[in-house]
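For my numbering, add 525 to where a residue sits in the sequence shown, where the first one is 1.
We put the beta carbon where it would ideally sit given N, CA and C, even for glycine.
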Amino acid sequence: MSRIARNQMETTFFHNMTQGINKEYIFEENRCKKKYMELLQKEANELNINLIAFTIMDNHAHILLHTEDINNMSLFMKKINEKFAMYYNYINERVGIVFRNRYKSQPILSETQLVNCIKYIFNNPVRAKIVLSPEKYLYSNFKDFQTSYISNTMLDNVYKNINCSIDFPKVKNEKIIAKAEFIDTYEDTEIFVKELIRKYKKENDLMIGKNTKEMKKLVRYIKKNTNISHKFLADILQISKATITGYMKD
């Protein structure tokens with residue numbers, strides 16, 4: 526199926542995701558997250574972009590925005606990623622590509638989908654077991670959102686699911702759109718699980734390898750803290766689905 530050009534879509538709301546090359550942790554240092562947040566705010570002001578919700582994780586960022594000029598969105602993403610890449614290469618004394626391909630973008634086609642997307646973005650660090658609630662995470666605009674930093678005339682407390690005055694194109698399958706997965710939901714889950722594994726190994730000072738006893742503990746820990754399938758976990762750990770099942774039965 527051919528892709529519809531963004532400038533032909535009857536919407537002015539977009540959910541964008543950008544990620545480090547080879548899924549590297551380009552935002553892992555707090556100063557990198559802060560720098561990217563500064564660039565988001567600065568370039569949004571200059572290009573008349575309304576930042577609705579954003580969260581900067583260790584190796585990717587989610588950005589929900591509103592713009593009347595679709596060309597401004599492309600320029601916005603290009604400028605912030607180019608400037609961050611220059612900064613990242615400088616502080617790490619490296620050269621080369623920093624971001625993985627071009628940013629990904631998803632149109633938001635209904636008010637319900639907008640609300641769900643906001644919750645999805647702000648809950649990224651909660652799903653990753655980094656914090657217990659969105660307001661505890663320092664590298665998003667959740668607190669600004671709560672304190673009406675975002676234009677009330679545009680959103681009217683949309684996070685609380687109160688009716689708001691936003692004009693969306695008429696769509697036939699509102700329920701289907703509202704339930705649709707957001708950008709790289711599968712990939713986000715993989716990132717979260719790998720982060721759990723990394724933290725578990727670090728906290729327990731483990732070199733798991735092929736140690737069956739320790740692998741069993743790890744599998745049970747992940748299953749306790751996520752609702753991912755046996756197959757999904759088997760792919761990440763590179764062991765068989767039957768092995769995962771066996772670990773959970775004993």
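Compare the Cα-Cα distances from residue i to each of the options and report the closest residue.
i: Q631; options: K604, I622, L639; result: L639
i: Y746; options: S765, K726, K756; result: K726
i: Y550; options: E618, L565, R625, I633; result: R625
i: E553; options: E660, F667, N584; result: N584
i: M602; options: K766, I655, R627; result: R627
i: R723; options: G621, N547, L762, T737; result: L762
i: E571; options: K604, K558, G545, G771; result: K604
i: I588; options: I655, L758, K644, V651; result: K644
i: L663; options: K774, T580, F609; result: T580
i: N596; options: H755, R556, M562, F539; result: F539
i: R652; options: E660, G545, T714, M562; result: T714
Please tell me whether residue i has its Cβ less than 8 Å away from any Cβ of chain C.
i: M740; result: Absence of chain C from the displayed structure is noted, only one protein chain being present.
When we look at the beta-carbon of residue i and count the other beta-carbons within 10 Å, is it buried (16 or more) or exposed?
i: S658; result: exposed
i: S665; result: buried
i: V744; result: buried
i: K560; result: buried
i: E636; result: buried
i: Y674; result: The pLDDT assigned to Y674 is 45, lower than 50, so where the model puts this residue is not dependable; a value taken from the coordinates is nonetheless given after this. Y674 comes out exposed.
i: K558; result: buried
i: I616; result: exposed
i: I622; result: exposed
i: M611; result: exposed
i: A767; result: exposed
Just checking my contact of residue i with residue j at CB under 8 Å: how many whole Å lie between their CB atoms?
i: F647; j: A569; result: That belief does not hold up - the Cβ atoms of F647 and A569 are roughly 18 Å apart, past 8 Å.
i: T543; j: E593; result: Not a contact, Cβ separation roughly 22 Å.
i: N575; j: H591; result: 4 Å
i: N649; j: M582; result: 6 Å
i: I633; j: C642; result: 6 Å
i: Y772; j: K738; result: With 8 Å as the limit, Y772 and K738 do not qualify as a contact, their Cβ atoms being about 10 Å apart.
By the three-class DSSP mapping on this structure, what secondary structure does residue i have?
i: G621; result: coil
i: I595; result: helix
i: F579; result: strand
i: I588; result: strand
i: T543; result: strand
i: K654; result: coil
i: F717; result: helix
i: F609; result: helix
i: Q566; result: helix
i: F667; result: helix
i: Q638; result: helix
i: F757; result: helix
i: F538; result: strand
Looking at the ligand ZN, does it come within less than 7 Å of residue i, judged from the CB to the closest heavy atom?
i: N649; result: This structure lacks the ligand ZN, and indeed carries no ligand of any kind.
(Q) I want to know whether the segment 714–721 touches the segment 747–755 - three or more CB-CB distances under 8 Å. (A) yes
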